[in-house]
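K.L.:
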Amino acid sequence: MTTTHNLNVLVSMIVVLAVIGIAAAQVGIIRDFDPGSGDYVGIATTEASSYLPPYKDIKYEPFYARDNKLTTAWCEGVKGDGIGEWIQFTLSAWESYGEIINVYRILIVNGFAASKELYYANNRVKKLQIEFSEGQKKILELKDGVLDYQVFVVHTKTKWVRMRILEVYKGKKYDDTCISEVDFESADHPCDLTEEQRARLMKNGDPWDVDPKKWGCDEGKTNKKQKK
Numbered sequence: 635m636t637t638t639h640n641l642n643v644l645v646s647m648i649v650v651l652a653v654i655g656i657a658a659a660q661v662g663i664i665r666d667f668d669p670g671s672g673d674y675v676g677i678a679t680t681e682a683s684s685y686l687p688p689y690k691d692i693k694y695e696p697f698y699a700r701d702n703k704l705t706t707a708w709c710e711g712v713k714g715d716g717i718g719e720w721i722q723f724t725l726s727a728w729e730s731y732g733e734i735i736n737v738y739r740i741l742i743v744n745g746f747a748a749s750k751e752l753y754y755a756n757n758r759v760k761k762l763q764i765e766f767s768e769g770q771k772k773i774l775e776l777k778d779g780v781l782d783y784q785v786f787v788v789h790t791k792t793k794w795v796r797m798r799i800l801e802v803y804k805g806k807k808y809d810d811t812c813i814s815e816v817d818f819e820s821a822d823h824p825c826d827l828t829e830e831q832r833a834r835l836m837k838n839g840d841p842w843d844v845d846p847k848k849w850g851c852d853e854g855k856t857n858k859k860q861k862k
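If you want it as structure tokens, here you go:
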């Protein structure tokens with residue numbers, strides 16, 4: 635009787651762990667094991683230039699690019715491919731709102747990633763213009779056929795991030811361009827680190843991409859203060 639009870643408990647634990655694993659994979663939690671991951675950045679508000687009206691029980695508002703579900707998406711709502719349409723995220727650190735945050739990485743699940751059928755039926759973003767509150771701009775090129783997070787290191791200080799559609803991969807059935815999920819991570823900007831801190835990180839494989847030459851750090855102005 636004890637053996638049977640233990641076996642039932644073991645089976646129950648396996649089922650629970652399997653369910654947790656599926657849920658974790660769905661919302662992208664697995665990327666937390668990435669040695670280069672940064673701190674989670676919260677989102678205060680999300681807005682967009684347009685979005686599709688609801689169809690049956692399915693909604694396409696900008697919120698759905700930030701709900702930790704790959705089964706939902708923001709889809710722009712203008713006629714054609716949505717070139718020039720945008721989605722914007724106002725950032726919020728745990729202890730502050732409306733302050734400048736160094737966005738270390740942007741993580742994007744492209745297209746309507748609920749299924750391969752929906753993914754290829756709709757447009758996917760090929761090229762995004764990333765606009766930041768302090769005036770900086772960057773161009774990101776996304777791969778097609780990736781129904782998971784694509785990671786981009788940007789190291790840019792900002793209060794908000796706007797993503798503008800520049801180019802798309804054409805859908806087989808619809809001309810709506812969709813993005814399923816967007817996440818942001820923060821970390822110290824390379825130019826704010828001491829030489830000792832940067833040297834230590836680069837010696838260990840530079841998982842946070844802190845090479846000052848890459849990010850235009852003025853060596854005469856970066857933080858050279860050493861630990862006491």
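Under the numbering used here, the letters of the sequence shown match residues 635 to 862, in that order. Even glycine gets a Cβ: it sits at the ideal position worked out from N, Cα and C. In this text, all values refer to a predicted model and were calculated from it rather than measured experimentally.
#1: Restricting to Cα atoms, I'd like to know which of K806, K848 and F818 is closest to P824.
#2: Using 8 Å as the cut-off, can you tell me whether the stretch 713–725 makes contact with the stretch 775–795, which would need three or more C-beta pairs spanning the two stretches below that distance?
#3: Per DSSP, S820 is paired with what?
#4: Three-state secondary structure (DSSP) at K750?
#5: To test your reading of the DSSP string, which unbroken beta strand (DSSP E) runs of 3 or more residues are found completely within the stretch 669–718?
#6: In the DSSP assignment, what residue or residues form a beta bridge with T790?
#7: From the DSSP secondary-structure annotation, give me the bridge partner or partners of S726.
#8: Please state if the CB of C709 and the CB of A741 are separated by a distance shorter than 9 Å.
#9: Measuring alpha carbon to alpha carbon, tell me which of T705, K807, T680 and I734 ends up nearest I692.
#10: Tell me whether L835 sits in a helix, a strand or coil according to DSSP, three-state version.
#11: For Y834, count the other beta carbons within 10 Å of its own beta carbon; 16 or more makes it buried, fewer makes it exposed. Which is it?
#12: Quick check on the burial criterion: 16 or more other C-beta atoms within 10 angstroms. Buried or exposed for N756?
#13: With a cut-off of 8 Å on the beta carbons, I'd call I764 and V788 a contact; round off their distance for me.
#14: Quick one: grab the DSSP three-state call for C812.
#15: Give every residue of the same chain whose Cβ lies closer than 8 Å to the Cβ of K750, excluding the five residues on either side of it in the sequence, and list them in chain order.
#16: In chain order, what residues of the same chain have a beta carbon less than 6 Å from the beta carbon of D843, not counting five sequence neighbours either side?
#17: Going by C-alpha to C-alpha distance, which of G670, G850 and M836 sits closest to Y738?
#18: Looking at the structure shown, is L830 part of a helix, part of a strand, or coil, going by DSSP?
#19: In its own chain, which residues sit with a C-beta less than 6 Å from the C-beta of A748, not counting the 5 before and 5 after it?
P.N.:
According to the data block:
#1: K848
#2: yes
#3: D673 and V737
#4: helix
#5: 676–682
#6: V737
#7: G676
#8: According to the sequence provided, residue 741 is Leu. The question's Ala does not apply to it. No, these two residues do not count as a Cβ contact at 9 Å.
#9: T705
#10: helix
#11: A quick correction: the sequence has Arg, not Tyr, at residue 834. With fewer than 16 Cβ atoms within 10 Å of its Cβ, R834 is classed as exposed.
#12: buried
#13: 7 Å
#14: strand
#15: L781
#16: V787
#17: G670
#18: Sequence check: residue 830 is Glu here, not Leu. Of the three classes helix, strand and coil, the one that applies to E830 here is helix, per DSSP.
#19: T705
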